[in-house]
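Engineer: Handing you this structure, nothing more for now.
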Ligand SMILES: Nc1ncnc2c1ncn2[C@@H]1O[C@H](COP(=O)(O)O)[C@@H](O)[C@H]1O
Ligand SMILES: Nc1ncnc2c1ncn2[C@@H]1O[C@H](COP(=O)(O)O)[C@@H](O)[C@H]1O
Ligand SMILES: Nc1ncnc2c1ncn2[C@@H]1O[C@H](COP(=O)(O)O)[C@@H](O)[C@H]1O
Ligand code: NA
Ligand code: NA
Ligand code: NA
């Protein structure tokens with residue numbers, strides 16, 4: 011059964027295309043998705059997942075279970091950066107520790123989507139409102155990351171720079187990918203509530219096409235992740251270890267919370283994946299502007315080069331195994 | 011009923027994504043569709059709408075009603091620039107007046123498509139041959155615009171430049187977007203007539219995907235239109251007023267013609283939208299080359315920054331209201 | 011019947027869009043698919059055709075007929091460059107002859123796909139394993155081309171350069187498009203064998219969308235092919251004659267082999283098309299690096315400007331005619 | 002030798018390149034998708050989907066003797082459609 | 002007159018252009034999608050999908066008198082976010 | 002200091018950048034998607050889908066002492082694969 015889960019994940023089309031991308035880089039192929047095609051797929055996935063999530067949120071309604079789950083997710087996106095910062099600060103300077111902590115408090119939408127696909131293949135159900143949790147976990151982590159950097163930075167370096175809240179909030183809440191995800195969620199909600207005829211017309215675009223587009227994007231993510239591996243030498247073994255232990259730790263915390271909240275199996279897996287994944291889209295873009303002292307190759311290569319492949323390949327089936335053991339299946 | 015129509019338009023997915031794009035710019039989000047992705051969607055929509063129009067044209071045939079309607083549309087694309095020029099000339103120089111007049115004589119394919127989606131949601135039928143009218147209204151307006159600029163320009167400025175007909179006709183008839191639209195129309199017609207087996211195979215691409223792609227493109231159009239609003243200060247209040255009054259006036263003229271021609275409700279709305287909309291794709295590209303003395307930010311910001319959002323948000327449901335009042339519904 | 015076949019090809023949507031692209035260039039339209047959109051369609055088509063081919067290969071299995079056919083295809087990709095080189099060497103220098111020979115030994119995936127669409131319209135069946143033949147014909151032709159250039163080049167020009175096998179093999183086997191095609195083939199095979207649930211989810215992307223995307227890409231190929239025609243004057247009439255005679259000759263050889271192998275009609279046509287088509291994707295990119303002395307406009311303009319349109323417009327129906335005459339139809 | 006840098010609208014770039022070829026220059030390079038600001042206001046890529054395009058940056062390295070010819074062929078196009086140009090010194094690498 | 006070439010991250014380009022406008026320069030041109038290497042390591046386009054972008058190349062042609070103002074407005078941004086700049090001589094075309 | 006402008010095929014750009022790094026230059030910038038014309042004929046982007054690419058424009062600012070090393074490392078590549086290069090004068094901004 012266990013090896014079955016791992017195999018079912020490894021032999022699925024999205025994960026195989028991810029491997030193909032990695033393999034291409036390792037062998038020295040010149041296969042690449044030229045700019046801005048990866049952005050097209052990234053925007054498409056955010057739009058589609060947001061729209062579908064909003065649609066399902068409208069159908070499920072905003073009950074107390076929903077609000078509790080979302081609240082717990084937001085709480086995790088505030089706490090994880092704090093605990094991560096403490097760990098990272100033992101070896102990294104305050105700027106790199108804060109920026110990396112923000113990445114791990116935030117989420118990876120692609121990891122989440124891959125987990126959804128995995129659940130689909132297993133025919134395990136999950137709720138649409140988990141996308142709302144996804145959407146609301148990015149901004150808090152960014153704000154906490156910036157605060158950590160500013161509050162713990164040596165006085166003299168500030169050069170009289172005051173914390174520019176406007177800039178920080180803009181990066182945290184209006185970052186293009188966050189804005190599109192939240193916006194599409196709201197639109198999906200509105201359309202499902204007020205003009206449901208539109209849902210069916212969106213279906214071929216947001217639903218039917220989704221799996222193939224995910225494969226295509228994961229091909230590119232495999233290429234990019236493998237390229238990042240080269241930077242890892244620079245980042246050092248401490249960061250590599252962190253990039254593998256952090257998702258395990260955060261997934262365990264997520265599992266505990268999911269059990270307390272009484273989430274069904276599918277939602278529990280997604281909750282774990284949200285906790286365990288690290289951002290390499292919104293957070294790097296935000297940190298580059300708000301904590302320019304940090305070295306982007308540190309937080310990008312750990313989040314994208316290690317944690318992302320780890321979650322997609324090993325993490326998701328592993329977390330599912332734990333879910334099957336520790337979360338009662340729906341009656 | 012009235013407010014219902016307006017709401018049904020406002021709460022549809024395409025219009026909501028349009029708003030999302032506008033909102034992103036107003037709030038300062040860095041959300042954008044990088045070049046050339048907007049072009050991909052624009053080419054796709056032209057190809058798909060042309061193909062579907064040609065296909066339906068083949069099914070409906072070229073009866074006298076069809077030819078009359080198309081003839082009336084072409085006549086409007088010749089007359090509207092003339093009347094617009096007279097109005098605009100009161101405040102603008104001859105070059106800017108001519109270029110802007112050409113934009114308003116021509117059409118906006120995206121507005122037309124949005125109106126079709128609106129009719130779909132209302133379950134009101136319309137004819138495929140209206141796409142032929144759309145396709146044939148661009149070139150005449152461009153030619154009239156160039157003629158107006160050349161014939162009314164002060165003598166001494168010409169510097170012996172003679173009207174280069176070759177260049178003008180090329181911009182008017184071979185502009186990439188016009189050429190693709192007309193070409194796809196012809197191909198749709200030919201395929202439907204001679205190898206109808208191909209229609210079904212095109213359907214997932216040209217039909218199923220269409221609504222979602224329209225949403226995606228309108229997201230970008232919202233961004234671009236909102237960016238244009240900044241240029242409006244430069245253009246001045248006269249041009250803003252024109253950009254709102256002109257569509258109302260031209261829609262009214264279109265309504266009268268539709269009634270005289272005895273068009274059914276759906277076609278009447280589309281006819282009004284053709285008259286009321288202004289071009290920001292083919293015409294600016296053509297005017298930049300043939301009337302370089304005109305300031306592109308004038309005609310682009312009025313057509314794209316004001317008239318386009320006005321039509322998409324307020325115009326279409328308003329025109330539909332008038333159609334429901336004044337055009338007898340099919341028995 | 012004959013003219014029927016030709017017409018059915020000429021009036022199909024893909025070929026009509028190909029013509030539209032050619033027409034645009036001839037008339038001077040500025041219609042173009044900006045970079046990197048053609049690459050998006052090219053990568054998509056390779057991924058989709060590879061995946062579908064692998065899937066069908068898994069269903070048909072690797073019987074002796076399959077292995078024999080693939081072996082014959084690979085043999086052709088080794089022999090055709092040799093015979094072509096002998097012909098081309100009569101007029102071209104050794105570098106240009108070798109590079110052009112490699113192009114004709116290799117294949118054109120788009121020609122193959124167009125032939126598949128043609129068979130679909132005719133409702134003639136074909137086997138998925140033909141894609142494996144397609145995928146395996148590129149690399150050998152490249153290796154032979156490089157060897158020909160190196161072995162026949164004048165001694166003194168080598169400047170002590172030794173044949174860098176690493177570089178040649180990389181270009182031959184790890185060229186992005188070859189790698190994606192082979193990789194997708196393997197993934198399709200694995201998914202079909204081990205997690206067939208994923209096949210249905212890929213279907214809208216790889217299967218439903220395919221025909222429309224092919225039309226879009228052929229529009230661009232028409233533009234590019236027509237632009238290449240201008241270079242032909244430089245290439246001269248010998249190369250033009252070769253670019254038309256070579257496909258006929260190679261198709262005839264392919265037909266003979268197909269008959270000997272006892273291939274059914276659909277597979278026989280595809281086999282002929284593989285032999286008759288010339289590469290303008292993988293081979294030029296590889297030759298540019300491994301035989302930089304050759305003039306790319308020679309091999310690109312003959313393969314893309316002449317042979318490709320010839321095969322798509324005239325060749326495919328012509329070969330089908332021969333197939334219908336000389337290959338017994340399945341009982 | 003001279004280095005000439007021209008900045009002009011993408012829509013005109015084909016004509017300007019034709020003029021450069023006519024002038025007899027040994028070569029030129031073109032970079033598209035250039036945004037910027039000049040007397041004609043700000044130019045961005047937002048209207049690219051309409052075929053309007055942004056600016057292009059054209060670079061020509063040539064002998065000083067060619068300058069007058071280049072000016073006489075390229076100048077009128079830039080006066081009609083807008084754009085700016087600059088000249089500086091360079092040597093072959 | 003002077004030619005100033007700046008290389009900096011795409012994410013900062015809007016601020017730098019604002020500073021150039023404030024300096025009173027008559028114009029500028031921006032090329033995005035620039036990759037490269039400097040003291041900050043190698044920059045490529047692979048993270049473009051994340052909004053991180055690559056580098057931009059900003060060119061300003063202006064009179065030498067403007068240099069000090071430009072330096073005082075653009076310099077701090079480049080010290081904060083990274084990037085390099087160079088000055089050379091040129092004449093109008 | 003010196004400014005070196007190289008124009009060469011995108012396919013070779015990785016090798017040339019490796020050579021520049023080997024030469025010890027403090028940095029470089031690369032612009033891809035460059036079209037143009039030279040002794041090797043016209044280069045456009047139409048074949049980009051095939052992986053053939055257009056030209057790249059590589060810029061290196063470095064001290065004059067580095068020029069000979071750069072020439073010896075980059076020169077052979079450009080002789081083999083084509084491309085042109087130019088040198089001019091510049092100062093840090
Ligand atoms: N001083 C300058 N420095 C650099 N680029 C400039 C300058 N002036 C104008 N440009 C470029 O040339 C384009 C056209 O300039 P203009 O015709 O003055 O509007 C601008 O959009 C800029 O890209
Ligand atoms: N010596 C140089 N020559 C050309 N471009 C450079 C040079 N040094 C830095 N750059 C460019 O400036 C960017 C930022 O440089 P840095 O801040 O030194 O990392 C690099 O990524 C390069 O694109
Ligand atoms: N005189 C020149 N000025 C500017 N760019 C040039 C010049 N000559 C060549 N180039 C560029 O260098 C590329 C290769 O040149 P070539 O090797 O001479 O064909 C051309 O495609 C142009 O992009
Ligand atoms: Na997380
Ligand atoms: Na109109
Ligand atoms: Na062949």
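Residue numbers (the working numbering), protein chains in the order written: chain A, 11 to 341; chain B, 11 to 341; chain C, 11 to 341; chain D, 2 to 94; chain E, 2 to 94; chain F, 2 to 94. Note that CB positions come from ideal geometry on N, CA and C, so glycine has one too. These figures come from a predicted structure and were not determined experimentally.
Listed from N- to C-terminal order along the chain, which residues in the segment 19-31 of chain D have their beta-carbon within a distance smaller than 9 Å of any beta-carbon of chain F?
Structural biologist: The segment 19-31 of chain D vs chain F, Cβ under 9 Å: 21, 22, 26, 27, 28, 29, 30 and 31.
Engineer: With a cut-off of 8 Å, do at least 3 Cβ pairs link the segment 207-215 of chain A to the segment 270-279 of chain A?
Structural biologist: no
Engineer: Report buried or exposed for residue 49/A, applying the criterion of at least 16 other Cβ atoms within 10 angstroms of its Cβ.
Structural biologist: For this step, residue 49/A is matched to residue 39 along the first chain. With 16 or more other Cβ atoms within 10 Å, it is buried.
Engineer: Going along chain B, which residues have a C-beta under 8 Å from residue 38/C?
Structural biologist: Indexing the third chain from 1 puts residue 38/C at position 28. Taking the beta carbon of residue 38/C as reference, the chain B residues within 8 Å of it are 180 and 184, listed in sequence order.
Engineer: Do residue 29/D and ligand 3 come close, with the Cβ less than 7 Å from some heavy atom?
Structural biologist: Residue mapping note: residue 29/D aligns to position 28 of the fourth chain, counting from 1. Checking every heavy atom of ligand 3 against the Cβ of residue 29/D, one is found closer than 7 Å.
Engineer: What residue range is occupied by the uninterrupted alpha helix (DSSP H) comprising residue 43/F?
Structural biologist: In the sixth chain, the residue the question calls residue 43/F occupies position 42. No alpha helix (DSSP H) holds residue 43/F; the beta strand (DSSP E) holding it covers 42-44.
Engineer: Under 8 Å, CB to CB, which of the residues in the segment 114-127 of chain A have a partner in chain E?
Structural biologist: Result list empty, no residue passes.
Engineer: Does residue 73/F come within less than 8 Å of chain C when only Cβ atoms are used?
Structural biologist: Indexing the sixth chain from 1 puts residue 73/F at position 72. With 8 Å as the cut-off, residue 73/F does not count as an interface residue toward chain C.
Engineer: Using a Cβ-Cβ distance cut-off of 8 Å, determine whether residue 47/E contacts chain A.
Structural biologist: Within the fifth chain, numbered from 1, the residue matching residue 47/E stands at position 46. For residue 47/E, the answer is yes, since a Cβ of chain A falls inside 8 Å of its Cβ.
Engineer: Write down the C-beta distance between residue 308/B and residue 257/B rounded to the nearest angstrom, noting that I regard them as a contact closer than 8 Å.
Structural biologist: Here residue 308/B refers to the residue found at position 298 of the second chain. Here residue 257/B refers to the residue found at position 247 of the second chain. Not confirmed; about 17 Å, so no contact.
Engineer: Quick one: Cα of residue 168/B to Cα of residue 110/B, how far?
Structural biologist: For the purposes of this step, residue 168/B is taken as the residue at position 158 of the second chain. For the purposes of this step, residue 110/B is taken as the residue at position 100 of the second chain. With a pLDDT of 49 at residue 168/B, under the threshold of 50, the modelled position of this residue cannot be trusted; read the value that follows with caution. One C-alpha to the other measures close to 20 Å.
Engineer: If you reduce the DSSP assignment to three classes, tell me which class residue 9/F lands in.
Structural biologist: Numbered from 1 along the sixth chain, position 8 holds the residue referred to as residue 9/F. Residue 9/F falls in the strand class under three-state DSSP.
Engineer: With contact counted as at least three CB pairs below 8 Å, one residue from each stretch, are the segment 124-132 of chain C and the segment 152-161 of chain C in contact?
Structural biologist: The answer is no - the segment 152-161 of chain C does not touch the segment 124-132 of chain C, with fewer than three Cβ pairs under 8 Å.
Engineer: Where residue 314/A and residue 83/B are concerned, what is the direct C-alpha to C-alpha distance, given to the nearest angstrom?
Structural biologist: Position 304 of the first chain holds residue 314/A. Position 73 of the second chain holds residue 83/B. Across the structure, residue 314/A and residue 83/B are spaced so that their CA atoms are roughly 55 Å apart.
Engineer: Out of curiosity, what's the CA-to-CA distance linking residue 69/A and residue 139/A?
Structural biologist: Walking along the first chain from the start, residue 69/A turns up at place 59. Walking along the first chain from the start, residue 139/A turns up at place 129. Distance between the alpha carbons of residue 69/A and residue 139/A is about 10 Å.
Engineer: Whole-angstrom Cβ separation of residue 118/C and residue 287/C, contact assumed at under 8 Å?
Structural biologist: Reading the third chain from its first residue, position 108 is the one you call residue 118/C. Reading the third chain from its first residue, position 277 is the one you call residue 287/C. So it is a contact: roughly 4 Å between Cβ atoms.
Engineer: Comparing alpha-carbon positions, which option in 239/B, 339/B, 61/B and 271/B lies nearest residue 316/B?
Structural biologist: What you label residue 316/B is simply residue 306 of the second chain in a count that begins at 1. Cα-wise, what sits closest to residue 316/B is 239/B.
Engineer: Hey, would you say the C-beta of residue 83/F is under 7 Å away from at least one heavy atom of ligand 3?
Structural biologist: As a working mapping, residue 83/F is identified with position 82 in the sixth chain. Result yes, Cβ under 7 Å from ligand 3.
Engineer: Compare the C-alpha of residue 29/F against each of 42/F, 47/F and 71/F and name the closest.
Structural biologist: By 1-based counting over the sixth chain, the position of residue 29/F is 28. The residue with the shortest Cα to Cα distance from residue 29/F is 71/F.
Engineer: How is residue 174/B classed by DSSP in three states: helix, strand or coil?
Structural biologist: Start at 1 with the first residue of the second chain, and residue 174/B comes out as number 164. In the displayed model, residue 174/B falls within coil according to three-state DSSP, outside both helix and strand.
Engineer: Work out the CA separation of residue 35/F and residue 10/D for me, nearest whole Å.
Structural biologist: What you label residue 10/D is simply residue 9 of the fourth chain in a count that begins at 1. What you label residue 35/F is simply residue 34 of the sixth chain in a count that begins at 1. If you take the alpha carbons of residue 10/D and residue 35/F, they lie about 16 Å apart.
Engineer: Where does residue 57/D sit, in a helix, a strand or coil, going by DSSP?
Structural biologist: For the purposes of this step, residue 57/D is taken as the residue at position 56 of the fourth chain. In the structure shown, residue 57/D falls within a strand segment according to DSSP collapsed to helix, strand and coil.
Engineer: Can you confirm whether residue 151/C, when its beta carbon is compared against all beta carbons of chain A, has any partner nearer than 8 Å?
Structural biologist: If you number the third chain from 1, residue 151/C lands on position 141. With 8 Å as the cut-off, residue 151/C does not count as an interface residue toward chain A.
Engineer: Show which residues of chain C have a CB atom less than 7 Å away from the CB atom of residue 34/F.
Structural biologist: Translated into positions along the sixth chain, residue 34/F becomes position 33. Those within 7 Å of residue 34/F in chain C are 45.
Engineer: Skipping 5 residues on each side, what residues in its chain have a beta carbon closer than 7 Å to that of residue 311/B?
Structural biologist: On the second chain, position 301 is the one that residue 311/B refers to. For residue 311/B, where only same-chain residues beyond five positions count, the Cβ hits under 7 Å are 238, 241, 242 and 245.
Engineer: Buried or exposed for residue 14/A, going by 16 or more other Cβ atoms inside 10 Å?
Structural biologist: As a first step, residue 14/A must be located in the first chain, where it is residue number 4. Looking at its Cβ environment, which holds fewer than 16 other Cβ atoms inside 10 Å, residue 14/A is exposed.
Engineer: Any beta carbon of chain E sitting closer than 8 Å to that of residue 295/A?
Structural biologist: By one-based count along the first chain, residue 295/A stands at place 285. Cβ-Cβ to chain E under 8 Å: yes for residue 295/A.
Engineer: What separation, rounded to the nearest whole angstrom, lies between the Cα atoms of residue 62/D and residue 39/F?
Structural biologist: Translated into the one-based positions of the fourth chain, residue 62/D becomes position 61. Translated into the one-based positions of the sixth chain, residue 39/F becomes position 38. Approximately 11 Å, taken between the alpha carbons.
Engineer: List the whole-angstrom C-beta distance separating residue 4/E from residue 87/D, where the pair is believed to meet the contact cut-off of C-beta under 8 Å.
Structural biologist: Translated into the one-based positions of the fifth chain, residue 4/E becomes position 3. Translated into the one-based positions of the fourth chain, residue 87/D becomes position 86. Rounded, the Cβ-Cβ distance is 7 Å, consistent with contact.
Engineer: May I ask whether a heavy atom of ligand 1 can be found less than 7 Å away from the beta carbon of residue 212/C?
Structural biologist: Position 202 of the third chain, counting from 1, holds the residue named residue 212/C. Residue 212/C: no, Cβ never under 7 Å from ligand 1.
Engineer: Residue 326/A: beta carbon under 7 Å from a heavy atom of ligand 2?
Structural biologist: Within the first chain, residue 326/A is the residue found at index 316, counting from 1. No.
Engineer: Using the beta-carbon of each residue, which ones in chain E are nearer than 9 Å to residue 4/F?
Structural biologist: Position 3 of the sixth chain, counted from the start, is the residue given in the question as residue 4/F. Result: 6, 87 and 89.
Engineer: Hey, out of 337/A, 164/A and 156/A, whose CA is closest to residue 270/A's CA?
Structural biologist: Start at 1 with the first residue of the first chain, and residue 270/A comes out as number 260. Nearest option by C-alpha distance: 337/A.
Engineer: Can you find the residues in the same chain that come closer than 7 Å, C-beta to C-beta, to residue 322/C, ignoring five residues on each side of it along the sequence?
Structural biologist: The sequence position of residue 322/C within the third chain is 312, counting from 1. Leaving aside the five residues that flank residue 322/C on each side, the residues in its chain whose CB is nearer than 7 Å to its CB run, in chain order, 25, 28, 121 and 124.
Engineer: Between 318/B, 97/B, 234/B and 42/B, which lies nearest to residue 252/B when the distance is taken from Cα to Cα?
Structural biologist: Numbered from its first residue, the second chain carries residue 252/B at position 242. Closest by alpha carbon: 97/B.
Engineer: Just tell me which of 330/B, 290/B, 62/B and 335/B has its CA closest to the CA of residue 113/B.
Structural biologist: By one-based count along the second chain, residue 113/B stands at place 103. Residue 290/B is the option with its Cα nearest to residue 113/B.
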